[in-house]
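In the working numbering, the protein residues as written are 19 to 350.
First the structure, in the form of structure tokens, and then the observations on it.
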């Protein structure tokens, strides 16, 4: 990984910005004050630009947890459930007209040269998440409110080593980033796998609505191609009793889009994005059923674990297939 560093001088201190302090892949943003996490306010299905960011109890299971997961790229923090990015904007209150208080919301991604209110850095050693445009300001739990649904704001960073008579950093400004899926051992049968590669692969299963055409830089087609080869062509892999959800869903997504492309070519049809995405989703769902049956994983069990696995895999495959379709054929 290339680490980009620059020295920023403020009236209070000299600091080094290391953009790579964010982990690779999806992560929770957890407050050191009380263990609550950043989340969106309200229903994920109705989330839109302007949706407020609040504190919430951590959710461990997918897909419920997806609104609490974020991924970093070039300073942007993208929400997995909504595909929108973390944004700094003036608080929506009368008093904010006079105070200029800035709070956190969701928004569509801006082009980098005008995105000073959407790009963040993270200091792993201290726990500050700061604005790249103004490292003196950091993400802060407003008024140190300890409750669920507390709002987030940007506030002046407090000194690590306070001057006499001045307050030091409080935990409402300090954060831990926890990967949604902990690192695991490299598959001994597949030496080209590593955890950072898996983390990048997981980007295929997130929502990138807010990135528009820029989503292509986050999604590497080689990951899906490799997944397809391993699941459909690699005889050793096909014999394995367990394959990761990501590998199966990614392979099915690749297969579904290629099946659709072949069908369109044979029938000489033009691309209709809405109908095409619906068709690809149905291809992905039916292809997953066939694949699980061929692997002997379609039988249900008393605890319903097989059904739960199938539901999760179906959603993952459809999301990845939709992302793959849009990277190859554009989005509408």
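Glycine residues also receive a C-beta, built at the ideal position from the N, C-alpha and C atoms.
Here the structure is a predicted model, which is why all the values come from computation and not from measurement.
Is residue j closer than 7 angstroms to residue i when the C-beta atoms are compared?
i: residue 67; j: residue 108; result: no
i: residue 57; j: residue 86; result: yes
i: residue 123; j: residue 135; result: no
i: residue 147; j: residue 193; result: yes
i: residue 275; j: residue 306; result: no
i: residue 189; j: residue 73; result: no
i: residue 224; j: residue 103; result: no
i: residue 44; j: residue 55; result: no
i: residue 260; j: residue 303; result: no
i: residue 338; j: residue 268; result: yes
i: residue 348; j: residue 226; result: no
i: residue 219; j: residue 283; result: no
i: residue 214; j: residue 42; result: yes
i: residue 237; j: residue 69; result: no
i: residue 140; j: residue 288; result: no
So for residue i, helix, strand or coil by DSSP?
i: residue 268; result: helix
i: residue 173; result: strand
i: residue 121; result: strand
i: residue 292; result: helix
i: residue 190; result: helix
i: residue 74; result: strand
i: residue 208; result: Note that residue 208 has pLDDT 48, beneath the 50 cutoff, so the model's placement of it is unreliable and no number is given.
i: residue 203; result: Only weak support is given to the placement of residue 203: the predicted model assigns it a pLDDT of 49, under 50, and the question is left unresolved by the model.
i: residue 214; result: helix
i: residue 226; result: coil
i: residue 112; result: coil
i: residue 64; result: helix
i: residue 300; result: helix
i: residue 143; result: coil
i: residue 55; result: strand
Measure the C-alpha to C-alpha separation of residue i and residue j and round it to an integer number of angstroms.
i: residue 198; j: residue 83; result: 9 angstroms
i: residue 98; j: residue 323; result: 24 angstroms
i: residue 155; j: residue 121; result: 12 angstroms
i: residue 330; j: residue 171; result: 34 angstroms
i: residue 242; j: residue 158; result: 38 angstroms
i: residue 92; j: residue 277; result: 34 angstroms
i: residue 160; j: residue 167; result: 11 angstroms
i: residue 96; j: residue 231; result: 15 angstroms
i: residue 138; j: residue 150; result: 5 angstroms
i: residue 310; j: residue 176; result: 54 angstroms
i: residue 205; j: residue 153; result: With a pLDDT of 48 at residue 205, under the threshold of 50, the predicted position of this residue should be treated as unreliable, though the coordinate-derived value follows. Rounded to the nearest angstrom, the two C-alpha atoms are 40 angstroms apart.
i: residue 164; j: residue 75; result: 11 angstroms
i: residue 336; j: residue 250; result: 18 angstroms
Based on Cα-Cα distance, which residue from the options lies nearest to residue i?
i: residue 179; options: 144, 165, 168, 169; result: 144
i: residue 296; options: 280, 313, 282, 340; result: 340
i: residue 196; options: 335, 345, 142; result: 142
i: residue 233; options: 78, 40, 94, 71; result: 94
i: residue 253; options: 191, 313, 272, 238; result: 313
i: residue 294; options: 342, 334, 96, 251; result: 342
i: residue 81; options: 334, 345, 346, 308; result: 334
i: residue 328; options: 251, 118, 266, 272; result: 266
i: residue 119; options: 173, 279, 250; result: 173
i: residue 308; options: 280, 279, 273; result: 273
Considering residue i, what are the terminal residues of the beta strand (DSSP E) in which it resides?
i: residue 42; result: Unbroken run through residue 42: none, as it is neither H nor E.
i: residue 194; result: 193–197
i: residue 96; result: 94–97
i: residue 242; result: Premise fails: residue 242 lies in the alpha helix (DSSP H), 239–246, not in any beta strand (DSSP E).
i: residue 91; result: 88–91
i: residue 179; result: That residue, residue 179, is in no beta strand (DSSP E); it is neither H nor E in DSSP.
Just curious, the alpha helix (DSSP H) that residue i is in, first and last residue?
i: residue 342; result: 323–347
For chain B, is any of its Cβ atoms less than 7 angstroms away from the one on residue i?
i: residue 126; result: Looking for chain B here will not work: only one protein chain is present.
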